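Notes to accompany the following structure.
Chains as they are written, first to last, in the working numbering: chain S, 248 to 666; chain A, 126 to 434.
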């Protein structure tokens, strides 16, 4: 009897010990590679040290493929707990996957969400519910080559503030040096580039539901006419983002407007080659600056239970000001938490690395990236890409091309209104 | 007693033990049958099924039967006409570039015998490069701002056209890059075909005073027809897949849908915008299209193929 009792107590003790050391594994899909990938892993390792009961398995997938990979994993019922989702796909993901509303009181105290700027949470806010928190956000900004400015007889310390000043500087660069003056990113399918251009000019790219394009207004047409004129005059050689980026980094282009996420790469390329300057996105006429964020937000898919609890712990960890600022400093992504300078490490960083100031100044001027519904999206984006191709070919003015494109886009998206 | 003899050259049927079904052949074939069933025919059947439903890959959401709506959606898509037209261009242009052009190159390399190994290696080298790397490198070379082609043209006093933004030139640029990438592989197939030709025939024709042209016309070309048929079928099937990576990296199907094709369109529907039904319907259309082309080729060309030397 005594022997049986000791066996039972031994088993109970083993079970208790095993339970005490049981770890919950959560799976985090992301598209960070290279240095940002290492930084992310370091942040996850720190999280694991603080929470020894949680193991975070991170899975890297290319940014262009991550949405499809996550879809495939969900379809195959492989564990997917936390995902980096490209901003424009948030609405689709919220509807098509078991995404969890982060501000649902069932998920515990939701005050941690208040750390983020409200405008940064807007991209993930659907009918009052928050399905995504910002993570790898970029903002468009003006990079310029101060050496080319000097060569063209421009004041390298006087940064072009408005589009008129940008065009004037680009024209002078082209005339005096023969080099390319300026380019503005278009991004995949021309979607993000067009969105930023027209939004900053005061037009509405897509309505909040993503079912109607509305940029065929005088402001939208005018700014897209300017984009056509940039190509027509030769100050912007028609190319794609990779080619513009390569030319700028090789010191062959005066100005390039692209995401703040490119800052680290541009700083490294410019080292010993040219003097790099960074400025805020140019203002359009009298309009206040309004720029859409690029990049990815984080969504939660973990099922209710230990995996969801562990995933929420991770999201709360990522929302800590010191962690978020560390992520921003190491990667070049925008700071996401209110008043980042309140963190002494961040204040020191900004003082020592002034090139980051434009993106911080644009935090309050950031609008959520437009999100697309699933149906008709490809057709609509193809029309937008074709619009850019036709604009740059300059055979018809923007006033003819833009309204026609908006009509076609809305025709493609109308399938969502019939539901 | 009358002896029954098996005619020469025909195999006697294997005796069956009683009424037993011969298991051994099926056991030998089983691994391949299972692999084909699981990884080829089941996905094919499932794709056909998916082409009739509306579903977004979410296992918790039901598939909705929509009949032929996905097919009509694909045919009415603003992408379809351009994708289909470009698919035909990619296929038809691949025949002279990837099927016929390697033949003279292979014959040249073959005539060099062992000295041709260097050429063979140089020709084959691009096949080993990742298509992603090739596409990125060509983006640099063709960069209108200081790209190497632009600089060389400038040195020669000319101007290099912006080939990737011109709707008329972009598709030919993609085609030439994919030709550069695969021509070495097809050349190698022809060299292998030539190596199987008995050199005695060549010597005999030479002794009869045959010219180079008649050697090619009456000996090499007929004996290369099995290889040519194989290269033709595989090139046509892969022609639209081979250009996928350069399209995705260099043009995204543009300018003005000038480089897209059915294969890229399917990818965009299925994996960029998660329209599984349209993606599956497009896949079935490609399958039927390639099957029809292959059957036509087999029916019309196979009778001209010289399988025996």
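We put the CB at the ideal spot given by N, CA and C, even for glycine. Quick caveat: nothing in here was measured; it's all calculated off a predicted structure.
Determine the extent of the alpha helix (DSSP H) in which residue i is found, giving its start and end residues.
{"i": "residue 366 of chain S", "result": "365-368"}
{"i": "residue 420 of chain S", "result": "410-424"}
{"i": "residue 282 of chain S", "result": "281-297"}
{"i": "residue 507 of chain S", "result": "It is not in any alpha helix (DSSP H) - residue 507 of chain S carries neither H nor E in the DSSP assignment."}
{"i": "residue 197 of chain A", "result": "194-201"}
{"i": "residue 371 of chain S", "result": "That residue, residue 371 of chain S, is in no alpha helix (DSSP H); it is neither H nor E in DSSP."}
{"i": "residue 596 of chain S", "result": "591-599"}
{"i": "residue 361 of chain A", "result": "346-367"}
{"i": "residue 338 of chain A", "result": "337-340"}
Please report how far the alpha carbon of residue i lies from the alpha carbon of residue j, in whole angstroms.
{"i": "residue 445 of chain S", "j": "residue 460 of chain S", "result": "11 Å"}
{"i": "residue 599 of chain S", "j": "residue 307 of chain S", "result": "32 Å"}
{"i": "residue 453 of chain A", "j": "residue 555 of chain S", "result": "Residue 453 of chain A is absent from the structure shown; chain A starts at 126 and stops at 434."}
{"i": "residue 302 of chain S", "j": "residue 551 of chain S", "result": "17 Å"}
{"i": "residue 185 of chain A", "j": "residue 273 of chain S", "result": "20 Å"}
{"i": "residue 320 of chain A", "j": "residue 349 of chain A", "result": "10 Å"}
{"i": "residue 664 of chain S", "j": "residue 623 of chain S", "result": "11 Å"}
{"i": "residue 391 of chain A", "j": "residue 280 of chain S", "result": "28 Å"}
{"i": "residue 667 of chain S", "j": "residue 514 of chain S", "result": "The question about residue 667 of chain S has no answer here: the residues shown for chain S are numbered 248 through 666."}
{"i": "residue 290 of chain S", "j": "residue 591 of chain S", "result": "19 Å"}
{"i": "residue 561 of chain S", "j": "residue 402 of chain S", "result": "48 Å"}
{"i": "residue 479 of chain S", "j": "residue 287 of chain A", "result": "14 Å"}
{"i": "residue 317 of chain S", "j": "residue 371 of chain S", "result": "18 Å"}
{"i": "residue 145 of chain A", "j": "residue 166 of chain A", "result": "29 Å"}
{"i": "residue 481 of chain S", "j": "residue 506 of chain S", "result": "23 Å"}
{"i": "residue 129 of chain A", "j": "residue 342 of chain A", "result": "Because the pLDDT at residue 129 of chain A is just 45, under 50, the model does not fix this residue reliably, and the point stays unresolved."}
{"i": "residue 156 of chain A", "j": "residue 493 of chain S", "result": "50 Å"}
{"i": "residue 402 of chain A", "j": "residue 531 of chain S", "result": "42 Å"}
{"i": "residue 290 of chain A", "j": "residue 433 of chain S", "result": "14 Å"}
{"i": "residue 358 of chain S", "j": "residue 337 of chain S", "result": "22 Å"}
Which first and last residues belong to the beta strand (DSSP E) in which residue i is found?
{"i": "residue 276 of chain A", "result": "Careful: residue 276 of chain A lies outside any beta strand (DSSP E), inside the alpha helix (DSSP H) at 273-280."}
{"i": "residue 303 of chain S", "result": "301-307"}
{"i": "residue 565 of chain S", "result": "Taken as a continuous stretch (DSSP letters only), residue 565 of chain S belongs to no beta strand (DSSP E), being part of the alpha helix (DSSP H) at 553-565."}
{"i": "residue 447 of chain S", "result": "From DSSP, residue 447 of chain S is part of no beta strand (DSSP E) but of the alpha helix (DSSP H) over 438-447."}
{"i": "residue 427 of chain S", "result": "427-431"}
{"i": "residue 392 of chain S", "result": "387-392"}
{"i": "residue 546 of chain S", "result": "541-547"}
{"i": "residue 525 of chain S", "result": "523-526"}
{"i": "residue 612 of chain S", "result": "Residue 612 of chain S -> no beta strand (DSSP E), and no H or E assigned at all."}
{"i": "residue 275 of chain S", "result": "271-277"}
{"i": "residue 331 of chain S", "result": "329-333"}
{"i": "residue 452 of chain S", "result": "451-453"}
Quick one: residues in its chain with C-beta nearer than 6 Å to the C-beta of residue i, no 5 flanking neighbours on either side, listed in chain order?
{"i": "residue 407 of chain S", "result": "413 and 416"}
{"i": "residue 517 of chain S", "result": "523"}
{"i": "residue 521 of chain S", "result": "392, 394 and 498"}
{"i": "residue 285 of chain S", "result": "none"}
{"i": "residue 630 of chain S", "result": "652, 655 and 656"}
{"i": "residue 406 of chain A", "result": "176, 195, 196 and 199"}
{"i": "residue 287 of chain S", "result": "279"}
{"i": "residue 571 of chain S", "result": "583 and 584"}
Quick one: residues in its chain with C-beta nearer than 7 Å to the C-beta of residue i, no 5 flanking neighbours on either side, listed in chain order?
{"i": "residue 305 of chain A", "result": "251"}
{"i": "residue 260 of chain A", "result": "370, 371, 374 and 375"}
Find the residues of chain B that neighbour residue i, judging by a C-beta separation of less than 7 Å, and give them in chain order.
{"i": "residue 393 of chain A", "result": "The chain labelled as chain B is not found among the protein chains of the depicted structure, namely S and A."}
Tell me which same chain residues have a C-beta within less than 8 Å of the C-beta of residue i, skipping the five on either side of it?
{"i": "residue 333 of chain S", "result": "310, 313, 314, 542 and 543"}
{"i": "residue 733 of chain S", "result": "Since the displayed chain S opens at 248 and closes at 666, residue 733 of chain S lies outside it and no answer follows."}
>> Would you call the region 208-217 of chain A in contact with the region 370-389 of chain A, where contact means no fewer than 3 C-beta pairs closer than 8 Å?
In response: yes
>> What are the residues in the region 251-276 of chain A lying within 9 Å of chain S by C-beta distance?
In response: 261, 264, 265, 267, 268, 269, 270, 271 and 272
> Going along the chain, which residues of the region 485-499 of chain S sit with their C-beta nearer than 8 Å to a C-beta in chain A?
Replying inline: Under the 8 Å Cβ criterion, the region 485-499 of chain S contributes 485, 486, 487, 489, 490, 491, 493, 494, 497 and 499.
> Name the residues in the region 194-217 of chain A whose C-beta lies less than 7 Å from a C-beta of chain S; which are they?
Replying inline: 202, 203 and 204
>> Count Cβ pairs between the region 493-503 of chain S and the region 293-303 of chain S that sit closer than 8 Å; are there 3 or more?
In response: no
> Residues in the region 163-192 of chain A with C-beta within 8 Å of chain S's C-beta atoms, listed in sequence order?
Replying inline: 181, 182, 183, 184, 185 and 186
> When the Cβ atoms of the region 374-393 of chain S are set against those of the region 532-550 of chain S, are three or more pairs found closer than 8 Å?
Replying inline: At 8 Å Cβ cutoff, the stretches touch.
> Quick one, which residues of the region 344-366 of chain A are near chain S if we go by CB-CB under 9 Å, in chain order?
Replying inline: none
>> Any C-beta of chain S within less than 7 Å: which residues of the region 371-390 of chain A qualify?
In response: Listed in sequence order: 377, 379, 380, 381 and 382.
> Going along the chain, which residues of the region 329-345 of chain S sit with their C-beta nearer than 7 Å to a C-beta in chain A?
Replying inline: 339, 343, 344 and 345
> Between the region 633-659 of chain S and chain A, which residues of the former have CB atoms less than 8 Å from a CB of the latter, in chain order?
Replying inline: 633, 636, 637, 639, 640, 655 and 659
> Does the region 191-204 of chain A come close enough to the region 309-327 of chain A to have 3 or more Cβ pairs within less than 8 Å?
Replying inline: no
> If you measure beta-carbon to beta-carbon, which residues of the region 317-333 of chain A are closer than 9 Å to chain S?
Replying inline: none
> Three or more beta-carbon pairs under 8 Å between the region 356-363 of chain A and the region 415-430 of chain A, yes or no?
Replying inline: yes
> Does the pairing of the region 440-459 of chain S with the region 322-338 of chain A give three or more beta-carbon distances under 8 Å?
Replying inline: no
> Would you call the region 482-493 of chain S and the region 263-276 of chain A in contact, with 3 or more CB pairs under 8 Å?
Replying inline: In short, these stretches touch, since the Cβ pair count reaches three.
> Per the contact definition of three or more C-beta pairs closer than 8 Å, is the region 644-651 of chain S in contact with the region 454-472 of chain S?
Replying inline: yes
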